Amino acid sequence: MKKNTLTFILMLLLGLVAGTLIGQLLSPYAGLSFLTKSVELTWQPKADLLVIRYDLNLHIRLNLISIVGLAAGFWLYRKL
109 MKKNTLTFIL MLLLGLVAGT LIGQLLSPYA GLSFLTKSVE LTWQPKADLL VIRYDLNLHI
169 RLNLISIVGL AAGFWLYRKL
């Protein structure tokens, strides 16, 4: 498989989603709460340029397991 920016972003997103799903599956277990406690990051750029107006809302919920999934996606990309 050819390494390019699109492949890199796709692998990172897949790792992030997989880590988040695993975090959701582990959330009922009280002993693993330090892995599944989430922090929500929000970014809301907006502009009114008279010709074009845009408003973008980006919400990311991260936990320790999702960061591990992100690292796994990076590792898999390096192995390609």
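Just so we're aligned, residue 109 is where the sequence shown starts under this note's numbering, counting upward by one.
No residue lacks a Cβ here, since even glycine has one placed at the ideal position from N, Cα and C.
Since we're looking at a predicted model, the values are computed, not measured.
In the DSSP assignment, residue 179 falls outside any beta strand (DSSP E) and lies within the alpha helix (DSSP H) extending over 172-187. A residue is called buried when at least 16 other Cβ atoms come within 10 angstroms of its Cβ; residue 165 does not meet this threshold and is exposed. Under the three-state reduction of DSSP, residue 168 is assigned to strand.
Inside the stretch 128-161, DSSP marks whole alpha helix (DSSP H) runs of 4 or more residues at positions 141-144, from first to last along the chain. In this structure residue 131 is in contact with residue 143, their Cβ atoms being roughly 7 Å apart against a cut-off of 8 Å.
Rounded to the nearest whole angstrom, the CA to CA distance from residue 158 to residue 152 is 19 Å. Comparing alpha carbon positions, the residue from 177, 187, 113 and 169 closest to residue 149 is 169.
Here residue 177 is near residue 127, since their CB atoms are less than 8 Å apart.
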